[in-house]
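A short write-up of the structure that comes next.
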Amino acid sequence: MSELPADIVLRVDDLRTYFEAGSRVAKSVDGVSFDVKRGETVAVVGESGSGKSVTSLSIMRLLSAPGRIVGGDILYRTSDGRVLDLARMPEKAMRGIRGQEVAMIFQEPMTSLNPLYTVGDQIMEMIKIHEPVSRMEARKRAKRMLELVEIPAAERRLDEYPHQMSGGMRQRAMIALALACNPRLLIADEPTTALDVTIQAQILDLLRRLQAEIGMSILFITHNLGVVAEIAHDVVVMYAGRVVEKASVDALFDNQKHPYTRGLLACIPNAARDRSESGERLRLNPIPGSVPSILALPEGCSFAPRCSFTTAECDQNPSLLAAGPDHLSRCWRHEIL
Amino acid sequence: MSGKDVLLQVDNLTKNFQTGSGIVKAVDGVSFDVKRGTIVGLVGESGSGKTTAGRCTLRLIEPSGGRLLYDGVDLRNLSEREMRAYRRRLQIVFQDPYSSLNPRLRVEDIIGEALDTHGLAKGTARRDRIAELLSRVGLNPDHARRFPHEFSGGQRQRIGIARALAVEPEFIVADEPVSALDVSVQAQVLNLIQDLQKSFGLTMLFIAHDLAVVEYLCDEVVVMYLGRVMERGPSRSVYAKPRHPYTQALLSAAPVPDPKAGRQRVVLKGDIPSPMNPPSGCVFRTRCPFAIAECAQVVPSFDAVGHQHHVACIRHSDPEVISQGHQL
Numbered sequence: 143m144s145e146l147p148a149d150i151v152l153r154v155d156d157l158r159t160y161f162e163a164g165s166r167v168a169k170s171v172d173g174v175s176f177d178v179k180r181g182e183t184v185a186v187v188g189e190s191g192s193g194k195s196v197t198s199l200s201i202m203r204l205l206s207a208p209g210r211i212v213g214g215d216i217l218y219r220t221s222d223g224r225v226l227d228l229a230r231m232p233e234k235a236m237r238g239i240r241g242q243e244v245a246m247i248f249q250e251p252m253t254s255l256n257p258l259y260t261v262g263d264q265i266m267e268m269i270k271i272h273e274p275v276s277r278m279e280a281r282k283r284a285k286r287m288l289e290l291v292e293i294p295a296a297e298r299r300l301d302e303y304p305h306q307m308s309g310g311m312r313q314r315a316m317i318a319l320a321l322a323c324n325p326r327l328l329i330a331d332e333p334t335t336a337l338d339v340t341i342q343a344q345i346l347d348l349l350r351r352l353q354a355e356i357g358m359s360i361l362f363i364t365h366n367l368g369v370v371a372e373i374a375h376d377v378v379v380m381y382a383g384r385v386v387e388k389a390s391v392d393a394l395f396d397n398q399k400h401p402y403t404r405g406l407l408a409c410i411p412n413a414a415r416d417r418s419e420s421g422e423r424l425r426l427n428p429i430p431g432s433v434p435s436i437l438a439l440p441e442g443c444s445f446a447p448r449c450s451f452t453t454a455e456c457d458q459n460p461s462l463l464a465a466g467p468d469h470l471s472r473c474w475r476h477e478i479l
Numbered sequence: 276m277s278g279k280d281v282l283l284q285v286d287n288l289t290k291n292f293q294t295g296s297g298i299v300k301a302v303d304g305v306s307f308d309v310k311r312g313t314i315v316g317l318v319g320e321s322g323s324g325k326t327t328a329g330r331c332t333l334r335l336i337e338p339s340g341g342r343l344l345y346d347g348v349d350l351r352n353l354s355e356r357e358m359r360a361y362r363r364r365l366q367i368v369f370q371d372p373y374s375s376l377n378p379r380l381r382v383e384d385i386i387g388e389a390l391d392t393h394g395l396a397k398g399t400a401r402r403d404r405i406a407e408l409l410s411r412v413g414l415n416p417d418h419a420r421r422f423p424h425e426f427s428g429g430q431r432q433r434i435g436i437a438r439a440l441a442v443e444p445e446f447i448v449a450d451e452p453v454s455a456l457d458v459s460v461q462a463q464v465l466n467l468i469q470d471l472q473k474s475f476g477l478t479m480l481f482i483a484h485d486l487a488v489v490e491y492l493c494d495e496v497v498v499m500y501l502g503r504v505m506e507r508g509p510s511r512s513v514y515a516k517p518r519h520p521y522t523q524a525l526l527s528a529a530p531v532p533d534p535k536a537g538r539q540r541v542v543l544k545g546d547i548p549s550p551m552n553p554p555s556g557c558v559f560r561t562r563c564p565f566a567i568a569e570c571a572q573v574v575p576s577f578d579a580v581g582h583q584h585h586v587a588c589i590r591h592s593d594p595e596v597i598s599q600g601h602q603l
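Structure below.
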């Protein structure tokens, strides 16, 4: 049915996910579009309430009521070359997609790991659900998965429960579980946010290495622009349920074409920039105000009330405008930025 | 910034916790000075003991040993009653702006409670003082009768700061005050903290895991690992020339918002060991890329490697270690 260029694994097209409660409608995801290419990483970056997590849950079809996809397509190319629209898949068929085709990891590993079963049992169960293999074969594969994610003493660790592992180790176990059936797309929702920086560096290295070895695509959800710079090929910046800027990682960090992205980068303290020659602290340039409630979005551009570049035009919400080669910005004034 | 007198001298501070399976030395011989009017950053990963050390300096957790010389007086020698008088001078701001404010109290009472405890203002004076504090931290004084849930995370952190300021303290321990906030809001609160620090001449111990925030905000930095101090000194010197392999690894691991940064990264193997059973000698040696046999035998002493810059590593002057610090 749908046309999808051969190098694209996932195309999210005009996705709209709303939460309706009585007469109130929260448009958490409102017309979001992006592509994930084979073997590449797309980072979706935003602050709380931007809709980045709801986007990832929509793709996995793990939304809880009253949230539902009210429009748009989620086109996914399976390992045997079929193109499916996940937005319209029946739940039963979706079960064949999750884990085997598209897997997800979370900020908190205990979201995925069951405290009552050993790590080995959980990985083996995952393999046996999707593939007709013997228990022995499944255990062998599970051990190989733990080795793949660099968990030392894999054989012994198979028989441990999640609580016997450290935070970084649990994160690895969760990644092993997610990758057990060789998914083509890994959705990682803030997978390093709760980790210490030295452990975060290990996990980012691991994901990069796995991507190079297995060739999987990664959709990486994060609020941390430092992590984005380290892991992404392409970046999607979200604000209040919409994409406000989209570009390759180099183009985005070279030249932000949306005042929000520019503001976010200016907010991150940087001693080289924010301290004078003599070491005196200069004031930071925060974005004024706070993220608007998704239930009370301003008319026109949602960022306008916090923006220092506004003009009369900003009463109208702009569409995504071409701001450069493969660079889109939802800002009327992208040219002066 | 030289010649400032020391307001707080933490000397050989220890804190042991008795657990079912033995003693945990959460803080093990920590020493540092905080000069009047400066901000000292206490950094380290989870399990480093930075939060316990911070709370011990205010005796919110009773230390097991060491001295806390505050303005010449050892806080540990004070009785509960004497300590209460000091509490007015020492305040804390917590990380989580959601759990650190009583959800059943109105903002005016959250702030007013501090005034009442120390008998600072009553009636109209109390109301005026609360309004003044709210506007000082950038909140609308008309919102004094609202409850915490009616505010955003950033606004709640401002309430927490107003509460700490209510008693006109000299010294504030800020325990990860911006970690739970969105980046755009974090910068607002960092600006507020330094404005207040300047206008009230506050002295601060700023506990954080975000190295970029500490480099920007703090005059000096203390790096902790597994209950001990690994390195301490003026921020500029520690960030420009880290001499401890742990500090080097920590700095190299922090992601930088620049895809072209192309830094050399020191990736540490494994996790922080259990504080129940710390390694002998240098506690960092099990993850250290420069560890040698001797590291298991001696607890490294604190050596000066620059102006007020100290390092606990027996190989701090080894050209290999120095050059790694320069390449970051």
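Chains as they are written, first to last, in this note's numbering: chain A, 143 to 479; chain B, 276 to 603. Just so you know, even glycine gets a beta-carbon here, dropped at the ideal spot from N, CA and C.
Where residue i meets chain B, residues with beta-carbon distance less than 7 Å
i	result
A:Val391	Pro534
A:Met252	Per Cβ cutoff of 7 Å: no residues; A:Met252 is ~16 Å from chain B at best.
A:Asp347	Val542
A:Ser195	None at all; the shortest Cβ gap to chain B is about 14 Å.
A:Leu407	Pro532
A:Glu182	Going along chain B, no residue has its Cβ under 7 Å from A:Glu182, so there is no contact; the nearest lies around 14 Å.
A:Ile410	Val458, Ala487, Pro532
A:Ala343	Ala528, Arg540, Val542
A:Gly421	Arg511
Distance CB(residue i)-CB(residue j) smaller than 9 Å
i	j	result
A:Arg283	A:Ile293	no
A:Ala465	A:Glu477	yes
B:Val504	B:Ala524	no
A:Arg210	A:Glu162	yes
A:Asn427	B:Ala487	no
B:Leu343	B:Leu480	no
A:Ala408	A:Lys399	no
A:Leu437	A:Arg166	yes
B:Glu490	A:Ala343	no
A:Ala245	A:Leu328	yes
B:Leu471	B:Ile436	yes
Proximal residues of chain A, C-beta to C-beta of residue i below 8 Å
i	result
B:Leu525	Val339, Thr340
B:Gly304	Result: empty, since nearest Cβ-Cβ is about 22 Å, beyond 8 Å.
B:Asp457	Glu189, Ser190, His365, Ser432, Val433
B:His514	According to the sequence displayed, residue 514 of chain B carries Tyr and not His. Ala413, listed in chain order.
B:Gln599	Those within 8 Å of B:Gln599 in chain A number zero; the least Cβ separation is about 15 Å.
Chain A contact residues for residue i, given Cβ-Cβ distances below 7 Å
i	result
B:Pro530	Asn366, Gly368, Val369, Ala371, Glu372
B:Asn466	Arg425, Leu426, Pro428
B:Gln469	Arg423
B:Ser427	Ser432
Interface residues of chain B facing residue i [CB-CB closer than 8 Å]
i	result
A:Ile216	Simply none; closest approach about 27 Å.
A:Asp416	Tyr491
Listed by chain order, chain B residues near residue i by CB distance under 9 Å
i	result
A:Phe395	Pro532, Asp533, Pro534, Lys535
List in chain order: all unbroken alpha helix (DSSP H) runs of 4+ residues lying wholly within the segment 413-501 of chain B.
Here the runs fully enclosed are 428-440, 458-475, 486-492.
Determine, using beta-carbon pairs with one atom in the segment 285-302 of chain B and one in the segment 324-333 of chain B, whether at least three such pairs fall under 8 Å.
Touching, yes, given that three or more Cβ pairs across the two stretches are closer than 8 Å.
Proximal residues, the segment 307-330 of chain A versus chain B, C-beta separation under 8 Å
From the segment 307-330 of chain A, only Ser308, Gly309, Gly310, Met311 have a Cβ closer than 8 Å to chain B.
Is it true that the segment 352-365 of chain A meets the segment 178-193 of chain A, where meeting means three or more beta-carbon pairs spaced less than 8 Å apart?
Contact between the segment 352-365 of chain A and the segment 178-193 of chain A is present, because at least three Cβ pairs lie under 8 Å.
Unbroken stretches of the beta strand (DSSP E), 3 residues or longer, contained in the segment 273-346 of chain A
Entirely contained in the segment 273-346 of chain A, the beta strand (DSSP E) runs reaching 3 residues are, in chain order, 327-331.
At least three beta-carbon pairs within less than 8 Å, the segment 511-530 of chain B to the segment 571-589 of chain B
The answer is yes - the segment 571-589 of chain B touches the segment 511-530 of chain B, with three or more Cβ pairs under 8 Å.
Output needed in chain order: residues of the segment 370-388 of chain B with a Cβ under 9 Å from some Cβ in chain A.
Cβ contacts with chain A come from no residue of the segment 370-388 of chain B.
Cβ contact check for the segment 317-331 of chain A and the segment 255-268 of chain A: 3 or more pairs under 8 Å
Yes: at least three Cβ pairs fall under 8 Å.
Quick one: which unbroken beta strand (DSSP E) runs of 3-plus residues sit fully inside the segment 224-257 of chain A? Chain order, please.
If we require 3 residues or more, the beta strand (DSSP E) runs fully inside the segment 224-257 of chain A come out as 225-227, 244-247.
Listed from N- to C-terminal order along the chain, which residues in the segment 426-457 of chain A have their beta-carbon within a distance smaller than 9 Å of any beta-carbon of chain B?
Interface annotation for the segment 426-457 of chain A against chain B: Leu426, Asn427, Pro428, Ile429, Pro430, Gly431, Ser432, Val433, Arg448, criterion Cβ-Cβ distance under 9 Å.
Which runs of the beta strand (DSSP E), 3 residues or longer, sit entirely within the segment 316-391 of chain B?
Entirely contained in the segment 316-391 of chain B, the beta strand (DSSP E) runs reaching 3 residues are, in chain order, 340-345, 365-368.
Check each residue of the segment 473-497 of chain B: if its Cβ is closer than 8 Å to any Cβ of chain A, include it; give the result in chain order.
Residues His484, Leu486, Ala487, Val488, Glu490, Tyr491, Leu492.
Any beta strand (DSSP E) of 3 or more consecutive residues that is wholly inside the segment 156-184 of chain A:
Listed in chain order, the beta strand (DSSP E) runs fully inside the segment 156-184 of chain A are 166-179, counting runs of at least 3 residues.
Taking only beta carbons into account, state which residues of the segment 314-327 of chain B come closer than 7 Å to chain A, listed in chain order.
If the cut-off is 7 Å between Cβ atoms, the segment 314-327 of chain B has Glu320, Ser321 near chain A.
Would you call the segment 297-312 of chain A and the segment 204-222 of chain A in contact, with 3 or more CB pairs under 8 Å?
With the cut-off at 8 Å, the segment 297-312 of chain A and the segment 204-222 of chain A do not touch.
With a threshold of 8 Å, are at least 3 pairs of Cβ atoms found where one atom belongs to the segment 360-378 of chain B and the other to the segment 405-420 of chain B?
Result no; under three Cβ-Cβ pairs closer than 8 Å.
Identify every run of the beta strand (DSSP E) within the segment 376-419 of chain A, keeping only runs that are complete inside it and at least 3 residues long; order them along the chain.
The beta strand (DSSP E) runs of length 3 or more contained entirely in the segment 376-419 of chain A are, from start to end of the chain, 376-381, 384-390.
Contact between the segment 362-369 of chain B and the segment 443-452 of chain B: three or more CB pairs below 8 Å?
The segment 362-369 of chain B vs the segment 443-452 of chain B: in contact.
How do the segment 548-564 of chain B and the segment 489-506 of chain B stand: do at least 3 beta-carbon pairs fall below 8 Å, yes or no?
When C-beta atoms of the segment 548-564 of chain B are compared with those of the segment 489-506 of chain B, three or more pairs fall below 8 Å, so the two segments count as touching.
When you check each C-beta in the segment 545-561 of chain B against every C-beta of chain A, which residues fall closer than 7 Å?
Residues of the segment 545-561 of chain B with a C-beta atom less than 7 Å from some C-beta of chain A are Asp546, listed in chain order.
Could you say if the segment 383-397 of chain A and the segment 415-434 of chain A meet the contact criterion of at least three C-beta pairs nearer than 8 Å?
Counting Cβ pairs under 8 Å, fewer than three are found: no touch.
Kindly confirm or deny that the segment 524-538 of chain B and the segment 336-353 of chain B touch, where touching means at least three C-beta pairs closer than 8 Å.
Too few Cβ pairs lie closer than 8 Å, so no.
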